[in-house]
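K.L.:
In this note's numbering, the protein residues as written are 41 to 358.
Note that the Cβ used here is the ideal one computed from N, Cα and C, for glycine as well.
Predicted model, so just to flag it, every value in this text is computed and none were measured.
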């Protein structure tokens, strides 16, 4: 796989994930808002989602997922010298999530910062981790996507209440003699920045569903192809396609258009809902756990969402 100029590269050593134990089905939602299981599944493809328990924070979710990824990597907490957390749902902006997650995992004095590009956040953070290792600024990096969207949702609004959920996914990234993370392709469509937004600290998340759907189903498949081209990978050779779990119809539309005919397509949204920055590592970690993808295979990651922003890269599955 191709990489950008510089040192040979970095690779993902392991994944980990965590979902709250609280399962909320479509039938449960239909008891409180005007909707039903058939309507939800036909429009977004979701059957159920996980919602954090009372007192369970996005930091708690991140620590659980990050701890599993760290344990699976074979590294000690002392081996991690950079922690990056992708999230858009912190209750407070200060202190950041990364420092708190690092401390609770026993990672002593790492570089620690957050990334907020909403649903594309994990791919942005992974690209930064890759570049930091290749540049010599870090040796091993913990990257976490974590969201508690339930605290920003109006649970009487069926346009958002049926879609969003809580969860976390994480990856440990380390140096490699051969590149295991391809070049990132990232960008934004700021002219559509109000399509998904939280106006202020007293507001709920709002989404212009049709605007996002049209953008995602028309603008993103050329970007997905460009990601493969920059990595020197034919889409037909992909073992997995793991896009942001925004909407099942969007996922299926992009998959059809890029020609990834032999890839396992992540459809974690059906049972997990839309977990924003957590959705890609959460979905891939669960696919690995279930044995649906093989170690050493190539996966195309594609994050997209509020901003509007997008980012993606091809990775070697650990």
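Just to confirm, are residue 206 and residue 75 a CB contact at a threshold of 8 Å?
P.N.:
Counted from its first residue, the chain shown places residue 206 at position 166. Counted from its first residue, the chain shown places residue 75 at position 35. Not in contact: residue 206 and residue 75 (Cβ atoms no closer than 8 Å).
K.L.:
Of the residues 81, 61, 62, which one's Cα is nearest the Cα of residue 70?
P.N.:
To locate residue 70, count along the chain shown from 1; it is residue 30. Ranking the options by Cα distance to residue 70, first place goes to 81.
K.L.:
Can the beta-carbon of residue 338 be found less than 8 Å from the beta-carbon of residue 264?
P.N.:
Within the chain shown, numbered from 1, the residue matching residue 338 stands at position 298. Within the chain shown, numbered from 1, the residue matching residue 264 stands at position 224. No, the pair does not count as a contact, with Cβ atoms beyond the cut-off.
K.L.:
Using the three-state DSSP reduction, which class does residue 182 fall into: helix, strand or coil?
P.N.:
For the purposes of this step, residue 182 is taken as residue 142 along the chain shown, with counting starting at 1. If DSSP states are grouped into helix, strand and coil, residue 182 belongs with the strands.
K.L.:
How big is the Cα-Cα spacing for residue 221 and residue 287?
P.N.:
Position 181 of the chain shown holds residue 221. Position 247 of the chain shown holds residue 287. Cα to Cα, the separation comes out at about 26 Å.
K.L.:
Locate the beta strand (DSSP E) running through residue 209, then write down its first and last residues.
P.N.:
If you number the chain shown from 1, residue 209 lands on position 169. Taken as a continuous stretch (DSSP letters only), the beta strand (DSSP E) holding residue 209 covers 206-215.
K.L.:
Just list the residues that DSSP pairs residue 314 with in beta bridges.
P.N.:
In the chain shown, counting from the first residue as 1, residue 314 sits at position 274. In DSSP, residue 314 forms a bridge with 204.
K.L.:
How long is the line joining the alpha carbons of residue 333 and residue 242, rounded to whole angstroms?
P.N.:
In the chain shown, counting from the first residue as 1, residue 333 sits at position 293. In the chain shown, counting from the first residue as 1, residue 242 sits at position 202. If I take the Cα positions, the gap works out to 42 Å.
K.L.:
Suppose the cutoff is 6 Å on Cβ atoms and the five residues either side in sequence are ignored; what does the same chain contact list for residue 101 look like?
P.N.:
By one-based count along the chain shown, residue 101 stands at place 61. Hits under 6 Å: 58, 186, 208.
K.L.:
Could you please give me the residues that DSSP links to residue 152 through a beta bridge?
P.N.:
Here the question's residue 152 lines up with position 112 in the chain shown. Partner(s): 123.
K.L.:
Does the Cβ of residue 356 have 16 or more other Cβ atoms within 10 Å, making it buried, or fewer, making it exposed?
P.N.:
Looking up residue 356 in the chain shown gives position 316. Buried, by the Cβ-count rule.
K.L.:
Starting from residue 228, follow its DSSP beta bridges and name the residues at the other end.
P.N.:
Taking the chain shown and counting its residues from 1, the one referred to as residue 228 is at position 188. Residue 228 is bridged to 349.
K.L.:
Along the chain, where does the beta strand (DSSP E) that runs through residue 241 open and close?
P.N.:
For the purposes of this step, residue 241 is taken as the residue at position 201 of the chain shown. Per DSSP, residue 241 belongs to no beta strand (DSSP E) and is neither H nor E.
K.L.:
Please report how far the alpha carbon of residue 353 lies from the alpha carbon of residue 167, in whole angstroms.
P.N.:
The residue you call residue 353 lines up with position 313 of the chain shown. The residue you call residue 167 lines up with position 127 of the chain shown. Residue 353 and residue 167: Cα-Cα distance of roughly 8 Å.
K.L.:
With a threshold of 16 other CB atoms inside 10 Å of the CB of residue 93, please say whether the residue is buried or exposed.
P.N.:
Indexing the chain shown from 1 puts residue 93 at position 53. With fewer than 16 other Cβ atoms within 10 Å, it is exposed.
K.L.:
For residue 278, name the three-state secondary structure that DSSP assigns.
P.N.:
Residue 278 sits at position 238 when you count from the first residue of the chain shown. Note: residue 278 maps to coil in three-state DSSP.
K.L.:
Quick check on the DSSP output: what are the complete beta strand (DSSP E) runs of length 3 or more inside the region 72-100, in order along the chain?
P.N.:
Entirely contained in the region 72-100, the beta strand (DSSP E) runs reaching 3 residues are, in chain order, 88-90.
K.L.:
Hey, residue 284 and residue 342 are a contact pair by Cβ (cut 8 Å); roughly how many whole angstroms apart?
P.N.:
Along the chain shown, one-based indexing puts residue 284 at 244. Along the chain shown, one-based indexing puts residue 342 at 302. Between residue 342 and residue 284 the Cβ distance is about 7 Å, and since that is below 8 Å, they are a contact.
K.L.:
Flag this pair as touching only if the region 99-119 and the region 295-314 have three or more C-beta atom pairs under 8 Å; answer yes or no.
P.N.:
No contact exists between the region 99-119 and the region 295-314.
K.L.:
Beta-carbon separation of residue 331 and residue 210 under 8 Å?
P.N.:
Locating residue 331 in the chain shown gives position 291, where the first residue counts as 1. Locating residue 210 in the chain shown gives position 170, where the first residue counts as 1. Not closer than 8 Å, so no.
K.L.:
To the nearest angstrom, report how far apart residue 79 and residue 291 are at their CA atoms.
P.N.:
Here residue 79 refers to the residue found at position 39 of the chain shown. Here residue 291 refers to the residue found at position 251 of the chain shown. Spanning the two alpha carbons is a distance of roughly 18 Å.
K.L.:
According to DSSP, is residue 109 part of a helix, a strand, or is it coil?
P.N.:
By 1-based counting over the chain shown, the position of residue 109 is 69. Note: residue 109 maps to helix in three-state DSSP.
K.L.:
Exposed or buried, residue 155, counting other C-beta atoms within 10 Å across all chains shown (16 or more means buried)?
P.N.:
Here residue 155 refers to the residue found at position 115 when the chain shown is read from its first residue. It is buried - the Cβ of residue 155 has at least 16 other Cβ atoms within 10 Å.
K.L.:
Please identify the residue among 289, 328, 111 whose C-alpha is closest to the C-alpha of residue 310.
P.N.:
The residue you call residue 310 lines up with position 270 of the chain shown. Minimum Cα distance to residue 310 is reached at 289.
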